[in-house]
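All residue numbers for the sequence shown refer to numbering that gives the first Met the number 0, where the first residue is 0 and numbers rise by one.
Ideal Cβ placement from N, Cα and C applies to all residues, glycine included.
Just so you know, these numbers come straight off a predicted model, no measurement behind them.
One structure below.
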Amino acid sequence: MPDLGAIVRDIAEEMREHAYKGKVADYIPALAAIAPERFGIAVVMADGTCHMAGDAQQAFSIQSISKVFALTMALGAVGDQLWQRVGREPSGSAFNSIVQLESEHGIPRNPFINAGAIVVSDILLGRYEPREAIGEMLRFVRALAGDDSIVIDEEVARGEQETGYRNMALANYMRAFGNIRHPVEKVLGLYFHQCALAMSCQQLAMAGRYLMARGRNPDTGRSVVSPQRARRINALMLTCGHYDGSGEFAFRTGLPGKSGVGGGILAIAPGVASIAVWSPGLNERGNSLAGTLALERLVQATGWSVFEPGLGQAIASE
Ligand code: GLU
Numbered sequence: 000m001p002d003l004g005a006i007v008r009d010i011a012e013e014m015r016e017h018a019y020k021g022k023v024a025d026y027i028p029a030l031a032a033i034a035p036e037r038f039g040i041a042v043v044m045a046d047g048t049c050h051m052a053g054d055a056q057q058a059f060s061i062q063s064i065s066k067v068f069a070l071t072m073a074l075g076a077v078g079d080q081l082w083q084r085v086g087r088e089p090s091g092s093a094f095n096s097i098v099q100l101e102s103e104h105g106i107p108r109n110p111f112i113n114a115g116a117i118v119v120s121d122i123l124l125g126r127y128e129p130r131e132a133i134g135e136m137l138r139f140v141r142a143l144a145g146d147d148s149i150v151i152d153e154e155v156a157r158g159e160q161e162t163g164y165r166n167m168a169l170a171n172y173m174r175a176f177g178n179i180r181h182p183v184e185k186v187l188g189l190y191f192h193q194c195a196l197a198m199s200c201q202q203l204a205m206a207g208r209y210l211m212a213r214g215r216n217p218d219t220g221r222s223v224v225s226p227q228r229a230r231r232i233n234a235l236m237l238t239c240g241h242y243d244g245s246g247e248f249a250f251r252t253g254l255p256g257k258s259g260v261g262g263g264i265l266a267i268a269p270g271v272a273s274i275a276v277w278s279p280g281l282n283e284r285g286n287s288l289a290g291t292l293a294l295e296r297l298v299q300a301t302g303w304s305v306f307e308p309g310l311g312q313a314i315a316s317e
């Protein structure tokens, strides 16, 4: 087994040269204010060991990575019925695109584009009142990470609310097709708050462990989702987790991953590791530039890819 601690430190060192090359999201002041040269990485292994480097303990806005946790909760609430209202195909479009919705009758392509995540929020409101849903989401993420210090950044949530015209358009448009059933303000209130979850790479990698561990939370041994559901969520992350850059991300890393416009990426090496990287500078598709490069380097150094035969066994027997 290569020395993972050294690999992670070398990656963080190399990324100092790349981090500033990306463009920080500037649609809200709270994100625009983040220095582009930040970089953090955390790798949590199946046996619980954690390797970190750079700004791995600095909280950042997880934004669309929250769509993974929201989907997991909504599947828990309504099961596979969810798929009657959201598709499972890569969109090939930007995260906030509205064009496909018309020809596809208000059914979003997948749960990881904004339209899909907004339907997922609507589904959660079938189970909880808006405030309760936000509280449940926070509790869920804290339990997954084993960390009660995780919070929602209210300034980010307010910024999303104040600038979220496109998301409002998406929600209203889907409401016209009957695929949003609760008042749009309530649905978006939940969506904007989940996007405003603030987490560090360490907390995020910890929260992603159930996707590495066949659906189980390694802290409690309890099932968060069934092994089949964990596989399916990973499959969606691989095919749809980076918007119109999903193919490129899969090509470069071979790992399921979900990005957020705050510059974070959660990536899963099933059976092996849960990985989080953060660098706020984005590439032209709105995905972390240095974060993607860092994951590519990690895979090159370790051979972790879902397309590597016997990935899990090889590591387990090291
Ligand atoms: N809050 C952002 C939006 O809905 C999330 C986008 C992202 O992280 O890609 O516009």
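Whole-angstrom distance between I40 and C200, CA atom to CA atom: Here residue 200 corresponds to residue number 201 of the sequence shown, with the count starting at 1. Here residue 40 corresponds to residue number 41 of the sequence shown, with the count starting at 1. Going by C-alpha positions, C200 is about 6 Å away from I40.
- prompt: Any idea which residues DSSP pairs A5 with across the strands?
  reply: Within the sequence shown, numbered from 1, the residue matching residue 5 stands at position 6. Paired residue(s): none; A5 is not in a bridge.
field: Through-space distance from E12 to M236, alpha-carbon basis
entry: Position 237 of the sequence shown, counted from the start, is the residue given in the question as residue 236. Position 13 of the sequence shown, counted from the start, is the residue given in the question as residue 12. Taking the straight line from one Cα to the other gives about 27 Å.
- request: Could you check how far apart the C-beta atoms of V305 and L254 are, in whole angstroms? I think they sit under 8 Å.
  value: Against the sequence shown, residue 305 aligns to sequence position 306. Against the sequence shown, residue 254 aligns to sequence position 255. Contact holds; Cβ gap of about 6 Å.
- prompt: Any idea what DSSP makes of W303, helix, strand or coil?
  reply: Taking the first residue of the sequence shown as position 1, residue 303 is located at position 304. Correct three-state label for W303: coil.
- prompt: When DSSP builds the beta bridges, which residues end up paired with R296?
  reply: Taking the first residue of the sequence shown as position 1, residue 296 is located at position 297. None, per the DSSP bridge assignment.
- request: Verify whether the separation of the beta carbon atoms of C194 and F111 is less than 8 Å.
  value: As a working note, residue 194 is residue 195 in the sequence shown. As a working note, residue 111 is residue 112 in the sequence shown. Going by C-beta atoms, C194 is not nearer than 8 Å to F111.
message: Taking the alpha-carbon of A204 as reference, which of G220, H50, L3 and S225 has the nearest alpha-carbon?
response: As a first step, residue 204 must be located in the sequence shown, where it is residue number 205. A204 has its Cα closest to that of H50, out of G220, H50, L3 and S225.
task: Could you check the C-alpha separation between G91 and I179 for me, to the nearest Å?
output: For the purposes of this step, residue 91 is taken as residue 92 along the sequence shown, with counting starting at 1. For the purposes of this step, residue 179 is taken as residue 180 along the sequence shown, with counting starting at 1. Distance between G91 and I179, taken at the CA atoms: about 23 Å.
- prompt: What is the residue span of the beta strand (DSSP E) that I40 lies within?
  reply: For this step, residue 40 is matched to residue 41 along the sequence shown. Where I40 is concerned, the enclosing beta strand (DSSP E) stretches over G39 to M44.
Own chain residues within Cβ distance below 6 Å of R8, not counting five before or after: Residue 8 sits at position 9 when you count from the first residue of the sequence shown. By the criterion of a C-beta distance shorter than 6 Å, R8 is surrounded in its chain by A52, once the five residues flanking it on both sides are discounted.
Secondary structure, beta strand (DSSP E): runs of 3+ residues fully inside the region 253-299: Runs of the beta strand (DSSP E) lying entirely within the region 253-299 and spanning at least 3 residues, in chain order: 256-258, 263-268 and 272-277.
- request: Please go through the region 35-117 and give each complete alpha helix (DSSP H) segment of 4 or more residues, from N-terminal end onward.
  value: 65-77 and 98-102
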